[in-house]
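**Student:** Numbers 164 to 661, taken from my numbering, label the letters of the sequence shown in order.
Here's a structure for you.
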Amino acid sequence: MAELQEIEKKGRAINAKFVAYMEKHRLYELFYEIAIQLMIQKPEDHIVFIKQYLQPAVKKLNISNIILIAPTSFDRIALAKVLQKELGTHPLTLKDLRNVCSQRDNGCHCKESEDLAYAMRKILENEATIRESGWILVDLPRTKREAQIFQRTGIIPTHVIQLIVSDDIEKSKICTDIFACYETCDPTNTSKNMKHRRYLKNLRDLREVYGHCLIEVEVGIRSINELGKDCAKLAKIKKHCGAPSLFRIALVGSRGSGCTTLAKYLAERFNLVHIDYDQIMEQARLQQNSLGKMLRTFEDKWGGRPKPELRIQVVEKYISEYECLKRGWVLTGYPKTVEDFKLLDLNPTPPNRVIFVEVNGDVCRERLLNRKYNLVTGSKHILSTTNYANNDDCQLTIHPRDLRLNVERDLQEYEENVTDMMRYAGESAIKIDGNEEERVVREQVEAIIMRPISSWQSRVPKPPPLIDPMNIEFDPYDEPDSSVFDNIRAPETTYTFI
164 MAELQEIEKK
174 GRAINAKFVA
184 YMEKHRLYEL
194 FYEIAIQLMI
204 QKPEDHIVFI
214 KQYLQPAVKK
224 LNISNIILIA
234 PTSFDRIALA
244 KVLQKELGTH
254 PLTLKDLRNV
264 CSQRDNGCHC
274 KESEDLAYAM
284 RKILENEATI
294 RESGWILVDL
304 PRTKREAQIF
314 QRTGIIPTHV
324 IQLIVSDDIE
334 KSKICTDIFA
344 CYETCDPTNT
354 SKNMKHRRYL
364 KNLRDLREVY
374 GHCLIEVEVG
384 IRSINELGKD
394 CAKLAKIKKH
404 CGAPSLFRIA
414 LVGSRGSGCT
424 TLAKYLAERF
434 NLVHIDYDQI
444 MEQARLQQNS
454 LGKMLRTFED
464 KWGGRPKPEL
474 RIQVVEKYIS
484 EYECLKRGWV
494 LTGYPKTVED
504 FKLLDLNPTP
514 PNRVIFVEVN
524 GDVCRERLLN
534 RKYNLVTGSK
544 HILSTTNYAN
554 NDDCQLTIHP
564 RDLRLNVERD
574 LQEYEENVTD
584 MMRYAGESAI
594 KIDGNEEERV
604 VREQVEAIIM
614 RPISSWQSRV
624 PKPPPLIDPM
634 NIEFDPYDEP
644 DSSVFDNIRA
654 PETTYTFI
């Protein structure tokens, strides 16, 4: 029985590392994209298709292809230009596609939707810049049928952003009686009313077609520039493709920022293992093993904090344990420096959610200096919120780490390192305002960790190659270059991708 349990633990450890590797290199998203294109194009030789599409699919993972849906009165072109500035995507309009398919008039064409889809595909096949930077369809597709034709052609958006203008109906002054409208209303208003009714009808159909990637954005009182920046942030969040995942969360914040309280809530809410760096470091220091002896020796001789190489050994020991691999974990108090962060990323199961909790330094200082512990029960109390001074049975004292000198040192150390850590983490990390109410902070963190995993490419250290390919001598037993067989075997079918 014990052997079976040991085998199960080893199996879970292997699976957890395997899943972490696939998350790290976004292999789920890669094969999801390949599967979509296989279903759309239905190639005769799917192996050759996959081989040729592999490289374009990798590039496509970080590209945002957007469709904007908004009332006719909204300036979609201006918003598209802001998105182009923020994301590098290229705006395309109905006029652009009509120019490609040589339909310059504004008349109605029975097969115009097919022509527009063909024109869009032609643009993506011929214009590498647009294909590699992403696109924004400003006023297309217009109807459900047109959207379905675009889908069959292989024009699949990653995000469909519907802009909600709350006072649009009131501004348009839509008439409820369409017959009376022709007699009493101004012809210009009548035309606007008809366009808006047509928009509302088509909106329901488009929402049905693009429901899986639709994002509703309330315009409110924001300017076009502010709205564009907010939409750009949403466009950087990729759709979840159904990949299995365990939460491995790193909460980074100064002492007194509430990270520990937040981590305990997340551990209970999502059945995670809470790993507090200060606690596990104290436990490791007291253990009678080589690591514990090394930590005690370092502390006795130099009286300072262990080096990053020793700190990561303690953290790795805990995050690689069976329960952490099985349930996931939330880490607090670590990393403390960029060096810690890089070493943590080199672990087989690094954090896949990094959240910086930003709290004003004065607030953190006040919380720590007003914090005392019960000598009998060990419970923690904040004197500014609870009055224990008149209770003789309650013996409170200050923890040595909460002395003013230690508090100032810890806060200063965090301020010196947090900017570099944020720069290293890049867009893979999320910042939240920890000055808000506890309920609001919890809701924000829950929303963040439920999103698809962000790309890690911005913070994965790339060590230099161990061997220079130019220094390798020719080996007669090496396999020959496959191109030598091109003249004696049938040529492969060449596929075009958008």
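Beta carbons are placed, not taken as given, at the ideal position from N, Cα and C, and that holds for glycine.
1. Between the Cα of M444 and the Cα atoms of A430, P471 and S420, which residue gives the shortest distance?
2. What are the uninterrupted segments assigned as alpha helix (DSSP H) that are 4 or more residues long and contained completely in the region 458 to 504, given in chain order?
3. Could you give the DSSP three-state label for Q200: helix, strand or coil?
4. Taking L201 as the reference, give the member of P514, L217 and E186 with the closest Cα.
5. Alpha carbon to alpha carbon, how far is V263 from A282?
6. Whole angstroms is fine: what's the gap from C118's alpha carbon to K456's?
7. Considering only residues of the same chain and omitting the five flanking positions on each side of V380, which have a CB-CB separation below 8 Å?
8. Which stretch, first to last residue, makes up the alpha helix (DSSP H) that contains V436?
9. Excluding five sequence neighbours on each side, which residues of the same chain lie with their C-beta closer than 6 Å to the C-beta of T316?
10. Work out the CA separation of A198 and K307 for me, nearest whole Å.
11. Note the first and the last residue of the continuous alpha helix (DSSP H) segment covering Q218.
12. Using a 10 Å radius around the Cβ and a threshold of 16 neighbouring Cβ atoms, would you call P654 buried or exposed?
13. Mapping DSSP to helix, strand and coil, what is E235?
14. Round the Cβ separation of L509 and P498 to the nearest angstrom and send it over; I've been treating them as touching at under 8 Å.
15. In the DSSP assignment, what residue or residues form a beta bridge with E381?
16. Using the Cβ count rule (16 or more neighbours within 10 Å means buried), how would you classify A610?
17. Measuring only the C-alpha atoms, how far is V415 from H359?
18. In chain order, what residues of the same chain have a beta carbon less than 7 Å from the beta carbon of E249, not counting five sequence neighbours either side?
19. Using the beta-carbon count (16 or more within 10 Å), is I341 buried or exposed?
20. Tell me, to the nearest whole angstrom, how far the beta carbon of P615 is from that of H403; I am working on the premise that it is less than 8 Å.
21. Taking the C-alpha atoms as reference points, what is the distance between P320 and L369?
22. Can you look up K594 in the DSSP assignment and give me helix, strand or coil?
23. Please classify N537: does DSSP put it in a helix, a strand, or coil?
24. If you draw a straight line from the alpha carbon of V603 to that of D596, how long is it in whole angstroms?
25. Buried or exposed: where does L568 fall if 16 or more other Cβ atoms within 10 Å of its Cβ makes it buried?
26. Would you mind reading off the limits of the beta strand (DSSP E) that contains V520?
27. Suppose you measure from the CA of T560 to the CA of I387; what does that come to, to the nearest Å?
28. Taking the C-alpha atoms as reference points, what is the distance between I400 and K535?
29. Would Y373 and I230 qualify as a contact pair, given that the criterion is a beta-carbon distance under 9 Å?
30. Is I412 helix, strand or coil when you go by DSSP?
31. Can you tell me which of the three DSSP states L255 falls into?
32. Once DSSP output is grouped into helix, strand and coil, what is the label at H322?
**Tutor:** Taking the geometry as given:
1. Taking the Cα of M444 as reference, the smallest distance to any Cα among A430, P471 and S420 is reached at P471.
2. As far as the region 458 to 504 is concerned, its whole alpha helix (DSSP H) runs of at least 4 residues are 471 to 482 and 485 to 490.
3. If DSSP states are grouped into helix, strand and coil, Q200 belongs with the helices.
4. When the alpha-carbon of L201 is set against those of P514, L217 and E186, the nearest one is in L217.
5. Straight-line spacing of the CA atoms in V263 and A282 works out to 6 Å.
6. This structure cannot speak to residue 118, because the chain is shown only from 164 to 661.
7. Once the five neighbours on either side are set aside, the close Cβ partners of V380 are I324, Q325, L326, I327, L390, D393, C394 and L397.
8. Not the alpha helix (DSSP H): V436 falls in the beta strand (DSSP E), residues V436 to D439.
9. Cβ within range, chain order: A280 and R284.
10. Going from the Cα of K307 to the Cα of A198 covers about 24 Å.
11. Looking at the DSSP string, the run of the alpha helix (DSSP H) that includes Q218 is H209 to K223.
12. Taking all protein chains shown into account, P654 has fewer than 16 neighbouring C-beta atoms within 10 Å of its C-beta and is therefore exposed.
13. A small fix is needed here, since residue 235 is Thr in this sequence, not Glu. In this structure, DSSP gives T235 a state outside helix and strand, which the three-state scheme calls coil.
14. 12 Å between Cβ atoms; not a contact.
15. In the DSSP secondary-structure assignment, E381 is bridged to I327.
16. Exposed: under 16 other Cβ atoms inside 10 Å.
17. Using only the alpha carbons, I get a separation of about 48 Å.
18. Taken in chain order, the residues that qualify are G391, K392 and A395.
19. Model confidence at I341 stands at a pLDDT of 45, short of 50, so the residue's coordinates are unreliable; what they give is reported in the following sentence. Note on I341: under 16 other CB atoms within 10 angstroms of its CB, so exposed under the neighbour-count rule.
20. Going by Cβ atoms, the distance from P615 to H403 rounds to 4 Å, so yes, they are a contact pair.
21. Per the coordinates, the alpha-carbon of P320 lies some 13 Å from the alpha-carbon of L369.
22. Strand at K594.
23. Correct three-state label for N537: strand.
24. In a straight line, the C-alpha of V603 is about 9 Å away from that of D596.
25. Exposed is the call here.
26. Here the beta strand (DSSP E) through V520 covers R516 to E521.
27. Spanning the two alpha carbons is a distance of roughly 55 Å.
28. Looking at the two C-alpha atoms, the distance is approximately 42 Å.
29. In this structure, I230 lies closer than 9 Å to Y373 by Cβ.
30. Strand at I412.
31. Of the three classes helix, strand and coil, the one that applies to L255 here is strand, per DSSP.
32. Note: H322 maps to strand in three-state DSSP.
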